[in-house]
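Here the structure comes first, spelled out in structure tokens, and everything after it is commentary.
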Amino acid sequence: MNNNDIIISSRVRLARNLSEQPFTTNTNIEKANNVLTSAFNALSEVSNFNLYKCKNLKSDAMEEMLEDHLISGELINNSDISGVAISQDNTVSIMVNEEDHLREQCMLDGLNLKRAYDIISDIDMELMTSLNFAYDNQLGFLTACPTNVGTGLRASVMMFLPGIVLTNNLSDMVSTVSKLGLCVRGAYGEGSSASGYVFQISNQFSLGKTEEEIVQLVESTALKICDLENKARQLLLERNKDNLADEVLRSYGILGNCYKISTSEAMELLSKVKLGCALKLINLKQPEVVDELIKNITPVKINKLSNKNLTETERDLFRAEYIGRVLKNNRI
Amino acid sequence: MLCDKCKKNNATFFSSVNINGNITETHLCENCAKENKLFSFNNFLAPSFDAFDFLHDEDELVCDNCGYTLSDFKDSGMLGCSNCYKVFRDIILNNLSKIQPALTHKGKKPDVSEGLTENEKEIKKLEVQLKQAVNEENYELAGELKKKIIALKEGDKHE
Numbered sequence: 001m002n003n004n005d006i007i008i009s010s011r012v013r014l015a016r017n018l019s020e021q022p023f024t025t026n027t028n029i030e031k032a033n034n035v036l037t038s039a040f041n042a043l044s045e046v047s048n049f050n051l052y053k054c055k056n057l058k059s060d061a062m063e064e065m066l067e068d069h070l071i072s073g074e075l076i077n078n079s080d081i082s083g084v085a086i087s088q089d090n091t092v093s094i095m096v097n098e099e100d101h102l103r104e105q106c107m108l109d110g111l112n113l114k115r116a117y118d119i120i121s122d123i124d125m126e127l128m129t130s131l132n133f134a135y136d137n138q139l140g141f142l143t144a145c146p147t148n149v150g151t152g153l154r155a156s157v158m159m160f161l162p163g164i165v166l167t168n169n170l171s172d173m174v175s176t177v178s179k180l181g182l183c184v185r186g187a188y189g190e191g192s193s194a195s196g197y198v199f200q201i202s203n204q205f206s207l208g209k210t211e212e213e214i215v216q217l218v219e220s221t222a223l224k225i226c227d228l229e230n231k232a233r234q235l236l237l238e239r240n241k242d243n244l245a246d247e248v249l250r251s252y253g254i255l256g257n258c259y260k261i262s263t264s265e266a267m268e269l270l271s272k273v274k275l276g277c278a279l280k281l282i283n284l285k286q287p288e289v290v291d292e293l294i295k296n297i298t299p300v301k302i303n304k305l306s307n308k309n310l311t312e313t314e315r316d317l318f319r320a321e322y323i324g325r326v327l328k329n330n331r332i
Numbered sequence: 333m334l335c336d337k338c339k340k341n342n343a344t345f346f347s348s349v350n351i352n353g354n355i356t357e358t359h360l361c362e363n364c365a366k367e368n369k370l371f372s373f374n375n376f377l378a379p380s381f382d383a384f385d386f387l388h389d390e391d392e393l394v395c396d397n398c399g400y401t402l403s404d405f406k407d408s409g410m411l412g413c414s415n416c417y418k419v420f421r422d423i424i425l426n427n428l429s430k431i432q433p434a435l436t437h438k439g440k441k442p443d444v445s446e447g448l449t450e451n452e453k454e455i456k457k458l459e460v461q462l463k464q465a466v467n468e469e470n471y472e473l474a475g476e477l478k479k480k481i482i483a484l485k486e487g488d489k490h491e
């Protein structure tokens, strides 16, 4: 077992605001458009970003960006005034007129927080040559919500933790992590339930420590959680292997043979198959196809794959056929 | 739905854990959720407004730059502009002391603009706009921007 089965991705974001403009929470269309224009001008100087004004994007395109974590729900809510700059490789996205004027983020696969911070910090420094960010000598970078003030940084690691959940250790883990000043959330952001055993670990505080210290704390905590997850998986194998293998293989059986399936059921069963692959209870030619399937079975992605605008029932049929075909091709 | 724990208030927090097919669902009201470890991280993020209590009988504070009031801040947890940090400073610091490890920023500073005069900052800004205007082939605007930049640079020399 290794950490690749546990840590899905790393993300760092910096919150910034232009000093002369009211925050997005207290603006009007004219002022918000000034922010968008200034930000896009500065961004086009920094790198070859694709720049999108949300009001010009179709809702499907925005939903897809949301699923890919390139934009947030709040950016979509502000679509009359918001925009986003996305790097050619989709690792960097800079949202404009979200809760803060700029939300600069870099997301990389695996445990890669330090590199993600370096990338976004360089872009941030470049932006500062043309944009005046709101900054206070005591409080650091000023943000619309005071809980983000200081570094404006949130470092988060997305983790697949079925072992910790199935051995009933989740609430202990959450309370230990919160004592360190970090928090655990369902993978899909604030208020979302933790689906598919996927969780985000991130810092809650942003002031009083350097960016490097925050990144280091989140990274070292993620590694400790990896150890716990590996131990929990070992324990599951030792104490409950028959039941676990049965559950995993039943999930695999349903996914390979069903006629129609919803996103949530497919997500739950694929998470069990992913655990089965990590524990070598199932052998696939390429276990990473399970991750691909998890990414590709949402309504927006299914519509895209089918090249049609399907109804919900049609999507459930298409999804079942698609998953069945991919799993069959990967049978050893 | 009523809270599973106190059986009095409406449940607003929901969690579902699936263990080998046995689904355990928990429905809690806000008060009981606060006591439950599993939900503690959600509450931590919400700003605590206890610090406002002593202000109830005093005059409403208003930001002289953006017009945001203390009530606006209290209702939304958000500020209206960077000047609000000066107007509501004591209250903000009081709140931050409950959730942040320290009240002084230790991280990166916007060094780039720190050493520059207002004139130099303005010139940099206009140069970015000039490039943009040229990219968009808006030569009329580009001409105007160029004149402004030259005037500002001349001004710098005379200082």
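Keeping their order, the protein sequence lines are chains A and B. Sequential numbering of the first sequence, starting at 1, is according to this note's numbering. Sequential numbering of the second sequence, starting at 333, is according to this note's numbering. Ideal Cβ placement from N, Cα and C applies to all residues, glycine included.
Proximity to residue i [Cα-Cα], best of the options
i               : options                           : result
S403 of chain B : B:D396, B:E392, B:A483 and B:C335 : B:E392
D60 of chain A  : A:N34, A:R315, A:K304 and A:F40   : A:K304
V149 of chain A : B:S414, B:S408 and B:N397         : B:S414
K430 of chain B : A:S206, A:L317 and A:D5           : A:S206
N257 of chain A : A:N309, A:V198 and A:R319         : A:R319
E321 of chain A : A:G253, A:K55, A:E213 and A:Y259  : A:Y259
E288 of chain A : A:R315, A:T147, A:C277 and A:L281 : A:C277
F133 of chain A : A:L279, A:T151 and A:D68          : A:T151
M410 of chain B : A:S79, A:E219 and A:P22           : A:P22
C395 of chain B : B:D407, B:E476 and B:G412         : B:G412
R233 of chain A : A:E126, A:L310, A:L281 and A:M128 : A:L281
K418 of chain B : A:E98, A:P146 and A:R16           : A:P146
E212 of chain A : A:R103, A:Y117, A:S251 and A:L166 : A:Y117
Contact with chain B by residue i, beta-carbon distance below 7 angstroms
i               : result
S192 of chain A : Legend: pLDDT at S192 of chain A = 41, less than 50; position of this residue unreliable, no value from coordinates given.
S156 of chain A : no
Q88 of chain A  : no
A134 of chain A : yes
N26 of chain A  : yes
M159 of chain A : no
G189 of chain A : Confidence at G189 of chain A is low in this model, with a pLDDT of 44, below 50, so the placement of that residue is unreliable and no value is reported for it.
S19 of chain A  : yes
M173 of chain A : no
G208 of chain A : yes
L139 of chain A : yes
F205 of chain A : yes
T151 of chain A : yes
E30 of chain A  : no
A144 of chain A : yes
Distance, residue j Cα to residue i Cα
i               : j               : result
E20 of chain A  : N470 of chain B : 26 angstroms
G163 of chain A : D89 of chain A  : 33 angstroms
I123 of chain A : D336 of chain B : 49 angstroms
E454 of chain B : V157 of chain A : 39 angstroms
K274 of chain A : L111 of chain A : 18 angstroms
K224 of chain A : T143 of chain A : 31 angstroms
V300 of chain A : D422 of chain B : 47 angstroms
L249 of chain A : L237 of chain A : 15 angstroms
N203 of chain A : I86 of chain A  : 24 angstroms
T311 of chain A : M62 of chain A  : 19 angstroms
K231 of chain A : L161 of chain A : 11 angstroms
V349 of chain B : D172 of chain A : Model confidence at V349 of chain B stands at a pLDDT of 48, short of 50, so the residue's coordinates are unreliable; what they give is reported in the following sentence. The straight-line gap from Cα to Cα measures roughly 14 angstroms.
N418 of chain A : Q105 of chain A : Lying before the first or after the last residue shown, residue 418 of chain A is absent from chain A, which here runs from 1 to 332.
Test: residue i CB closer than 7 angstroms to a CB of chain A
i               : result
S414 of chain B : yes
I481 of chain B : no
C335 of chain B : no
I424 of chain B : yes
G487 of chain B : no
Y400 of chain B : yes
A434 of chain B : yes
K430 of chain B : no
Y417 of chain B : yes
Host beta strand (DSSP E) of residue i (start-end)
i               : result
L51 of chain A  : N50 to K53
Q200 of chain A : V198 to N203
D109 of chain A : L102 to D109
R331 of chain A : Note, R331 of chain A: premise wrong, no beta strand (DSSP E); not H, not E.
F160 of chain A : L153 to F160
S175 of chain A : Here S175 of chain A belongs to no beta strand (DSSP E); instead the alpha helix (DSSP H) covers L170 to K179.
A15 of chain A  : I7 to R16
Supposed close pair residue i, residue j - CB separation, criterion 8 angstroms
i               : j               : result
A155 of chain A : V218 of chain A : 4 angstroms
I8 of chain A   : M159 of chain A : 7 angstroms
L36 of chain A  : L43 of chain A  : At roughly 10 angstroms, the Cβ-Cβ gap does not stay under 8 angstroms, so L36 of chain A and L43 of chain A are not in contact.
I94 of chain A  : A32 of chain A  : At roughly 16 angstroms, the Cβ-Cβ gap does not stay under 8 angstroms, so I94 of chain A and A32 of chain A are not in contact.
Opening and closing residue of the alpha helix (DSSP H) in which residue i lies
i               : result
A363 of chain A : This structure cannot speak to residue 363 of chain A, because chain A is shown only from 1 to 332.
C258 of chain A : C258 of chain A -> no alpha helix (DSSP H), and no H or E assigned at all.
G73 of chain A  : G73 to N77
A39 of chain A  : I29 to V46
L293 of chain A : E288 to N296
C416 of chain B : C416 to V419
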